[in-house]
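**Student:** Have a look at this one before I ask anything.
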Amino acid sequence: MTGATAGIGLAAAEQIRRVPNVRLLLGTRGTSTVSADSLPLDLARLASVRSFAAAVEEMLGGGSIDALVLNAGIQFDDVDQRTEDGFETTFAVNHLAHYLLLRLLMPRLATGAAVVITTSDTHDPKALPFSSGFAPEHADALKLAQGQVRLNPESKASGRRAYATSKLCNVLTARALASSPFARERGLGVIAFNPGLTPGTQLMRNSSAGVKFVVAVLMPILSPLMRINTIAGGGDLLANFALDRIVLPAGRIYASQVKRQLTWPDPSELALDDAAMTKLWRDSETLVRP
Ligand SMILES: NC(=O)c1ccc[n+]([C@@H]2O[C@H](COP(=O)([O-])OP(=O)(O)OC[C@H]3O[C@@H](n4cnc5c(N)ncnc54)[C@H](OP(=O)(O)O)[C@@H]3O)[C@@H](O)[C@H]2O)c1
Numbered sequence: 001m002t003g004a005t006a007g008i009g010l011a012a013a014e015q016i017r018r019v020p021n022v023r024l025l026l027g028t029r030g031t032s033t034v035s036a037d038s039l040p041l042d043l044a045r046l047a048s049v050r051s052f053a054a055a056v057e058e059m060l061g062g063g064s065i066d067a068l069v070l071n072a073g074i075q076f077d078d079v080d081q082r083t084e085d086g087f088e089t090t091f092a093v094n095h096l097a098h099y100l101l102l103r104l105l106m107p108r109l110a111t112g113a114a115v116v117i118t119t120s121d122t123h124d125p126k127a128l129p130f131s132s133g134f135a136p137e138h139a140d141a142l143k144l145a146q147g148q149v150r151l152n153p154e155s156k157a158s159g160r161r162a163y164a165t166s167k168l169c170n171v172l173t174a175r176a177l178a179s180s181p182f183a184r185e186r187g188l189g190v191i192a193f194n195p196g197l198t199p200g201t202q203l204m205r206n207s208s209a210g211v212k213f214v215v216a217v218l219m220p221i222l223s224p225l226m227r228i229n230t231i232a233g234g235g236d237l238l239a240n241f242a243l244d245r246i247v248l249p250a251g252r253i254y255a256s257q258v259k260r261q262l263t264w265p266d267p268s269e270l271a272l273d274d275a276a277m278t279k280l281w282r283d284s285e286t287l288v289r290p
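With this note's numbering, the residue at position 253 of the sequence shown is 253, and numbering never jumps.
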């Protein structure tokens with residue numbers, strides 16, 4: 001599991017680790033308060049993803065993985081950050097590193113294993129009309145890797161659009177995996193999980209002081225009134241997906257928490273674009289090639 005040191009992932013990991021006969025392994029770049037095995041993983045470095053996957057292989061011995069939870073995520077105000085591999089950091093951490101981890105660990109997934117990729121409804125302008133000004137315009141990995149989140153490269157690129165676009169990539173990756181012969185043969189349960197707006201996590205840690213202040217003041221007032229999602233609720237759902245405790249409705253892949261309820265809507269129009277899905281999978285393969 002990635003992203004288990006804070007927020008929704010931490011809440012989920014706390015639940016998973018208490019289940020008898022479950023061995024939880026975390027990939028973390030720092031220390032986790034969760035009492036579980038962990039191995040170093042910095043998703044901003046593809047070399048770290050490779051060494052993590054190799055260490056997991058070694059730890060597994062002849063065993064296999066029953067659930068792969070790709071939950072880590074970050075957000076910035078701009079698209080100016082680059083990883084040591086030279087890629088825009090939001091895209092690299094939220095999508096590309098997870099894509100590589102998935103590809104490396106796929107052969108070790110057990111029959112019927114769950115693969116949960118945490119996405120966000122910010123990928124979908126029809127679900128969140130108030131943030132449609134930051135909606136993804138494309139899912140071209142080669143452009144996104146260079147921070148080009150707009151179709152017109154002269155237009156202003158914001159960190160919020162980069163984030164929403166990386167979350168579109170998460171849904172497309174989940175769809176590509178679910179529709180692959182590999183997933184069908186192995187009976188994988190693939191879920192793109194949107195916890196929905198969830199205040200109190202560390203996701204805004206790179207935002208400006210002004211944004212953080214507004215969120216800190218408004219959210220405690222609005223949360224109960226608008227039934228805004230909670231860390232505990234998102235953690236419950238994430239844990240239950242990982243533990244295969246939720247039956248996936250036939251043909252559904254996008255699980256979205258709305259007002260503290262689990263729903264199964266269609267993802268965005270772009271997320272349903274098969275050509276974009278196939279191209280993202282192939283281009284990501286090119287980008288992670290050593
Ligand atoms: N909160 C929301 O409103 C919301 C809404 C929709 C979707 N989501 C999604 O939910 C997921 C969890 O978000 P959250 O709100 O719980 O955020 P969070 O509290 O900031 O947790 C993010 C997790 O990702 C890890 N992470 C970030 N960069 C990493 C890196 N380079 N290498 C390894 N791990 C890294 C963090 O580890 P460190 O402790 O090392 O930083 C942390 O464990 C994300 O995918 C997010 O996009 C959140």
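We put the CB at the ideal spot given by N, CA and C, even for glycine.
Small disclaimer: the values here were computed from a predicted structure and weren't measured.
Report, in whole angstroms, the separation of the C-beta atoms of residue 37 and residue 158, which I expect to be a contact under 8 angstroms.
**Tutor:** The Cβ separation is near 38 angstroms, so there is no contact.
**Student:** Is it buried or exposed, residue 277, if we count other Cβ atoms within 10 angstroms and call 16 or more buried?
**Tutor:** So residue 277 counts as buried.
**Student:** Reducing DSSP to helix, strand and coil, say where residue 235 ends up.
**Tutor:** Three-state DSSP puts residue 235 in a helix.
**Student:** Need the endpoints of the beta strand (DSSP E) that residue 261 sits in, please.
**Tutor:** Note, residue 261: beta strand (DSSP E), 261 to 263.
**Student:** Please report the residue range of the alpha helix (DSSP H) in which residue 181 lies.
**Tutor:** Residues 181 to 186.
**Student:** Taking only the alpha-carbon atoms, compute the straight-line gap between residue 261 and residue 283 and give it to the nearest angstrom.
**Tutor:** Distance between the alpha carbons of residue 261 and residue 283: 35 angstroms.
**Student:** At a threshold of 7 angstroms, does residue 195 count as lining ligand 1 (C-beta to nearest heavy atom)?
**Tutor:** Flag set: Cβ of residue 195 near ligand 1.
**Student:** Return the chain-ordered list of same chain residues with a C-beta closer than 7 angstroms to the C-beta of residue 197, the five sequence neighbours on each side being excluded.
**Tutor:** If we look at residue 197 and ignore the five residues flanking it on each side, its Cβ neighbours are 228 and 229.
**Student:** Using the Cα positions of residue 95 and residue 280, report the straight-line distance between them to the nearest angstrom.
**Tutor:** Cα-Cα distance, rounded: 10 angstroms.
**Student:** Measure the C-alpha to C-alpha separation of residue 46 and residue 225 and round it to an integer number of angstroms.
**Tutor:** Their backbone Cα atoms lie some 42 angstroms apart in a straight line.
**Student:** Under 7 angstroms: does the beta carbon of residue 259 sit that close to some heavy atom of ligand 1?
**Tutor:** Not under cutoff, so the answer is no.
**Student:** According to DSSP, is residue 90 helix, strand or coil?
**Tutor:** Residue 90 falls in the helix class under three-state DSSP.
**Student:** Check whether the Cβ atoms of residue 113 and residue 121 lie closer than 8 angstroms to each other.
**Tutor:** For residue 113 and residue 121, no; Cβs fall outside 8 angstroms.
**Student:** Give me the DSSP bridge partner(s) of residue 189.
**Tutor:** Answer is 114.
**Student:** Closest by CA to residue 184, which one among 6, 26 and 111?
**Tutor:** Closest by alpha carbon: 111.
**Student:** Does ligand 1 have a heavy atom nearer than 7 angstroms to the CB of residue 3?
**Tutor:** At least one heavy atom of ligand 1 is nearer than 7 angstroms to the Cβ of residue 3, so yes.
**Student:** By Cβ distance, which residues of its chain are closer than 6 angstroms to residue 233, with the 5 residues on each side in sequence left out?
**Tutor:** Hits under 6 angstroms: 260.
**Student:** Per DSSP, what kind of secondary structure is residue 128 in: helix, strand or coil?
**Tutor:** Three-state result, residue 128: coil.
**Student:** Quick test of your reading: residue 136 and residue 161, contact by CB under 8 angstroms. State the CB separation rounded to the nearest angstrom.
**Tutor:** That pair is a contact at about 7 angstroms.
**Student:** Tell me whether residue 216 is buried or exposed, calling it buried when 16 or more other Cβ atoms sit within 10 Å of its Cβ.
**Tutor:** Flag for residue 216 reads exposed.
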